[in-house]
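Report on the structure given below.
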Amino acid sequence: MRRMGLMLILFMVAGTQLLRAEEGMWIPLLIEKYQIGPMKEAGLRLDAEDIYSINQACLKDAVAIFGSGCTGEMISGDGLILTNHHCGEGMIQWHSSVEHDYLTDGFWAMSREEELPNEGLTVTFLRQMEDVTDAVNQGLVQGMDPDDRQRRINLNRGELIREATEGTHYDAEVKPFYYGNAYYLFVYEKFRDVRLVGAPPVSIGSFGGDTDNWMWPRHSADFSLFRVYAGEENKPAGYSPDNQPYQPGKHLEISAAGIEEGDFTMVLGFPASTTMYLHPEAIRAMVETSLPLKIALRSARLEVMERYMETSDVVRIQYAHKQSRVSNAWKKWQGVILGLKRNHIFDKKVADEAAFLEWMNEDGERQMKYDHLPEDFAQLYREKEQSAVAVDLMSEAINPLELFGEVNRVLGMMQLGRSSEEIENQVAQFFKDFHMPVDRDIFAAMMQAYHDHMPEALYPPFFTRVEKRDRGDFSSYAETLYRKAVFGEREGARKLLETYKRSPEKALKRLRKDPALICLNQFKELYYREIYHGVINVQEKEAKLYKTYMAGLLEMSGERPLYADANRTMRLTYGKVKGYRPMDGVEYRATTSLSGLLEKYKKGNVDYAVPEKLVELYENRDYGRYGVNGTMPVCFIATNHTSGGNSGSPVLDAEGRLVGLNFDREWEGTMSDVFYDPNLCRNIAVDIRYVLFIIDKYAGAGYLLDEMEIIF
Numbered sequence: 013m014r015r016m017g018l019m020l021i022l023f024m025v026a027g028t029q030l031l032r033a034e035e036g037m038w039i040p041l042l043i044e045k046y047q048i049g050p051m052k053e054a055g056l057r058l059d060a061e062d063i064y065s066i067n068q069a070c071l072k073d074a075v076a077i078f079g080s081g082c083t084g085e086m087i088s089g090d091g092l093i094l095t096n097h098h099c100g101e102g103m104i105q106w107h108s109s110v111e112h113d114y115l116t117d118g119f120w121a122m123s124r125e126e127e128l129p130n131e132g133l134t135v136t137f138l139r140q141m142e143d144v145t146d147a148v149n150q151g152l153v154q155g156m157d158p159d160d161r162q163r164r165i166n167l168n169r170g171e172l173i174r175e176a177t178e179g180t181h182y183d184a185e186v187k188p189f190y191y192g193n194a195y196y197l198f199v200y201e202k203f204r205d206v207r208l209v210g211a212p213p214v215s216i217g218s219f220g221g222d223t224d225n226w227m228w229p230r231h232s233a234d235f236s237l238f239r240v241y242a243g244e245e246n247k248p249a250g251y252s253p254d255n256q257p258y259q260p261g262k263h264l265e266i267s268a269a270g271i272e273e274g275d276f277t278m279v280l281g282f283p284a285s286t287t288m289y290l291h292p293e294a295i296r297a298m299v300e301t302s303l304p305l306k307i308a309l310r311s312a313r314l315e316v317m318e319r320y321m322e323t324s325d326v327v328r329i330q331y332a333h334k335q336s337r338v339s340n341a342w343k344k345w346q347g348v349i350l351g352l353k354r355n356h357i358f359d360k361k362v363a364d365e366a367a368f369l370e371w372m373n374e375d376g377e378r379q380m381k382y383d384h385l386p387e388d389f390a391q392l393y394r395e396k397e398q399s400a401v402a403v404d405l406m407s408e409a410i411n412p413l414e415l416f417g418e419v420n421r422v423l424g425m426m427q428l429g430r431s432s433e434e435i436e437n438q439v440a441q442f443f444k445d446f447h448m449p450v451d452r453d454i455f456a457a458m459m460q461a462y463h464d465h466m467p468e469a470l471y472p473p474f475f476t477r478v479e480k481r482d483r484g485d486f487s488s489y490a491e492t493l494y495r496k497a498v499f500g501e502r503e504g505a506r507k508l509l510e511t512y513k514r515s516p517e518k519a520l521k522r523l524r525k526d527p528a529l530i531c532l533n534q535f536k537e538l539y540y541r542e543i544y545h546g547v548i549n550v551q552e553k554e555a556k557l558y559k560t561y562m563a564g565l566l567e568m569s570g571e572r573p574l575y576a577d578a579n580r581t582m583r584l585t586y587g588k589v590k591g592y593r594p595m596d597g598v599e600y601r602a603t604t605s606l607s608g609l610l611e612k613y614k615k616g617n618v619d620y621a622v623p624e625k626l627v628e629l630y631e632n633r634d635y636g637r638y639g640v641n642g643t644m645p646v647c648f649i650a651t652n653h654t655s656g657g658n659s660g661s662p663v664l665d666a667e668g669r670l671v672g673l674n675f676d677r678e679w680e681g682t683m684s685d686v687f688y689d690p691n692l693c694r695n696i697a698v699d700i701r702y703v704l705f706i707i708d709k710y711a712g713a714g715y716l717l718d719e720m721e722i723i724f
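Using my numbering, the letters of the sequence shown map in sequence onto residues 13 to 724.
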C-alpha cells in the first residue's frame, strides 16, 4: 500500500531501489502474472490458483466484505465468520443496554438459537473479477468532448454491470484503477442474514482503548464472531428463523502451531483507500493545513463526548461506537503527520517528481504528452487551497452533527411519502443512541470553529443573529436551537409524527420551519452557491491530471508492475513477521504475551482494565493447548502493506492457514497510506492462539471450536 509518491522513484536510474517485497496491494487476478514468483521466493507454498480462481474453491471464497467497511473470513463449514471486535462493535452496542451490557460483559451464544440477528448487516463475497478496460473505453475517440467521453464510459460500465447480473441474484460494479487508466469488473454475492455469535468484553477486545490505538506493543483480542445464514439452495435471503447456516465453498484452516520472527505471512482483504502517487504539493497541504484542522475539530468533538460518557452508563453505551469512530481517524492522522515529517516524505516526493521529469525529457514524444504536468499541478493546488478548508469544515464540523442528519433524513422520507411506521422506526433508532446535550455542545464548538476559520463572506445568515442576540456566544444560541428543534427531544418528534399521520402536508410544513433544518439549509445553500462549483471544477482538473500522470508512471515502469491504489476491492499483500526500530535507541520485538497485558493493568484506568477471570487464568497459567512454554501469545506485527478496510483481514501463513487477525497498524507507520517504508510500516494482528484461548478458556464457548479445522 504505501511507499510511492510518484512511484517513479522505484523504477528509476541506477541506484534507485526496486519495489520491495513487503510493499504493494496486489489485485488477485494478476498474482499469477506478476507476483507468484516473488511470493514463492519469500516463502509461499501455494500456487496462484489456490489464492484466486473462478474454476475451483480458493482463498478468495473464504474472505468477505464484512458490513460496509471491514473484512471477515469464514472459519467453518457452517457459516462462522471471524472479524474484528471494532468491526462488530456497532452491532454489539446495538444489542446492549444497561441491563444487558454486552460491551462491558461480552456476549456468547451457547447455542444457535441464542445467536442475535442484526438488521442491515451484510457479508459480501467476491465471486469474479475481470479486466474490462477495453470494453469501458469502447467508442472513445481522440479529442472527444469531456462530457461526451464520460457519458460513454458510464454507459459502457452500466452495460457491463447489466450483462454480469441480469437474471441472477448477484451484484456487480466496474471500478477505475490507476486513476482511470484501467477498469475492472467485480461480481459479488451479498448475504443479508448475519447473526452475532460471540464477542469478548471491551476490556479484552479493545484492551488499551484510545491509549494504545495505533500503537505497538498491543495486547488486544480484537475479534468478534458472527454466523452467515442462507435461504433455499444456500442462496442469500433476508432474516428468517427457517434459514440455515451458509455453507461456504471454502473456509480457512487454522494453524495453532504459532509464528516466529521471519515467517512468511500474507493478508487478503478489502483495503479502503490509499494515495501512493500524490504530487508533493498534496503532501504539503495534507501536513500543514488539512490534517491539523481535522484533528482539531475531532479533538473538540471527542472532548464533549467523553465528558458526558464519564457521567452516565447510558450515555457511555450510546456513544461508545461513535466515540471510537471519531477517535480512530483522529489519532491516525496525528501519526500520519509525524511519519511524513520525520521521514521527510515531501522531499522524497520532490525527488520522485524530478526523476519523472528527467525520464520525460529523454524523449520528445514523452515531452509532448507530459511536459505540461508541472505547471498544471502547481496551478491545481493553488486553486484547491481556496476551497480545501471549506470542504474540511463541511465534512468534519457540519455533516457529523446528529441533529442535522436526522432532520434531513426525516424530511427526505416525508417528501417521498414513506409510511408513518417507517418514519417512526427511523426516529426510534435515532433516539436510542442520541443524547441531546452531547450534540448541542458539539454544535456550539463546531460553529465556533467555522466562525474562526472561514472568511466573513462565507458565514451563514444565522451567524448575524448570534452576533446580535447572543453576543457571539454559540453556546447560548445552541441552547435555544436545541430546545426549539423538533428532534432535540422525543416529545417534539412524537408530536410531529402524530401530525404526519393525520396530515403529511402539515407535518412537512412544520418541519420546514424547524430551526435546525433552517440552519442546515443555510450551510447547504452557501456551500452550493459559493464553494461547490469551484470544488467540482478542481476535482475534474485533478482527475484529468492524475490520469495523465499515472499513464506516464505506467509507461516509465515498463515491464515492472505498479500496484494500484486501494479502492475497497480485494487485494493481497505479503511480508514477514518482523520487529522494527521507530527511532534511535528504541527497538520493538515482533510479538507480545499475556504477561505484557498484566504489566499494563492499572486499577481505575478504563483503557487498561482487566477482567478478574483473565487474571485468574494468567496466575494459574491455565492456557490449555494455546500457550507456549508457560506464556500465552497475544499479538504480533509483520511487514504486510495494509490500510483501513483490512480490519478483520486474515493473516495467513505460507500454506494459506489462519495464524492471525489483522486489526491495526503502528503509529510510526500510519503514513503508509501515502508512503510505505518497510523499515517502519507494520500491520498488527491478534495471534489466532489468543483468539482460541479467549473463546475456549475465558468464555467457555469451546463448542465453537468443534466446527473449526485447527492444526496444532
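Where is the CB? At the ideal position from N, CA and C, for every residue including glycine. None of the values given here were measured: they were computed from a predicted structure.
Compute the Euclidean distance between the alpha carbons of residue i and residue j, then round it to the nearest angstrom.
| i | j | result |
| --- | --- | --- |
| S285 | G656 | 7 Å |
| D388 | R394 | 10 Å |
| Y575 | K187 | 15 Å |
| N225 | K343 | 8 Å |
| P129 | A121 | 12 Å |
| I21 | A363 | Residue placement at I21 is poorly supported in this model, since its pLDDT is 35, which falls under 50; the coordinates are not used for a value here. |
| A400 | E318 | 29 Å |
| Q6 | T134 | The chain is shown from 13 up to 724; residue 6 falls before or after that span and cannot be answered. |
| K507 | G155 | 59 Å |
| Q47 | Y251 | 41 Å |
| I86 | H263 | Here residue 86 is Met; the residue named in the question, Ile, does not match the sequence. M86 and H263: Cα-Cα distance of roughly 5 Å. |
| Q551 | Q391 | 13 Å |
| V439 | R337 | 22 Å |
| I66 | R139 | 7 Å |
| I349 | G636 | 43 Å |
| D211 | L71 | Note that residue 211 is Ala in the sequence shown here, rather than Asp. Their Cα atoms are separated by approximately 25 Å. |
| H97 | D596 | 34 Å |
| V703 | E436 | 40 Å |
Which class does residue i belong to by DSSP, given the choice of helix, strand or coil?
| i | result |
| --- | --- |
| T651 | coil |
| G281 | strand |
| G261 | coil |
| N168 | helix |
| C70 | coil |
| E358 | The identity of residue 358 in the sequence shown is Phe, whereas the question assumes Glu. Looking at F358 - three-state DSSP - the assignment turns out to be helix. |
| D634 | coil |
| V209 | strand |
| A76 | strand |
| Q154 | coil |
| D699 | strand |
| G424 | helix |
| E374 | coil |
| S339 | helix |
| I723 | strand |
| S302 | helix |
Once the 5 residues before and after residue i are set aside, which same chain residues still bring their CB inside 7 Å of it?
| i | result |
| --- | --- |
| Q105 | L115, I329, A332 and H333 |
| V547 | S399 and V403 |
| M562 | Y190, Y191, N193 and Y289 |
Which partner residues does residue i have in the DSSP bridge list?
| i | result |
| --- | --- |
| T603 | F648 |
| I39 | BP columns for I39 are empty, so no partner. |
| F119 | A211 |
| G84 | A76 |
| G660 | Beta-bridge pairing links G660 to no other residue. |
| E201 | F137 |
| S684 | According to DSSP, which records beta bridges pairwise, S684 is partnered with nothing at all. |
Within its chain, find whatever has a CB closer than 8 Å to the CB of residue i; leave out the 5 residues flanking it on each side and keep chain order.
| i | result |
| --- | --- |
| V110 | D325, V326 and I329 |
| D59 | I48 |
Leaving out five residues before and five after residue i in sequence, what residues of the same chain have Cβ atoms less than 6 Å from its Cβ?
| i | result |
| --- | --- |
| A531 | According to the sequence as given, residue 531 is Cys; it is not Ala. Correct list, in chain order: F474. |
| T492 | none |
Quick one: is the Cβ of residue i within less than 7 Å of any heavy atom of the ligand SAM?
| i | result |
| --- | --- |
| F486 | In the structure on display, the ligand SAM does not appear, and there are no ligands present to speak of. |
> Does the segment 580-594 come within contact of the segment 622-639, defined as at least 3 CB pairs closer than 8 Å?
Replying inline: no
>> Across the segment 159-173 and the segment 234-242, are there enough close Cβ pairs to call them in contact, namely three or more that are closer than 8 Å?
In response: Touching, no, given that fewer than three Cβ pairs across the two stretches are closer than 8 Å.
> Within the chosen definition, does the segment 460-474 reach the segment 376-387 through at least 3 CB pairs nearer than 8 Å?
Replying inline: no
>> Taking contact to mean 3 or more Cβ pairs, one atom from each stretch, closer than 8 Å, check whether the segment 665-677 and the segment 687-696 are in contact.
In response: yes
>> Under 8 Å, with one C-beta from each stretch per pair, do the segment 481-493 and the segment 432-448 reach the 3-pair mark?
In response: no
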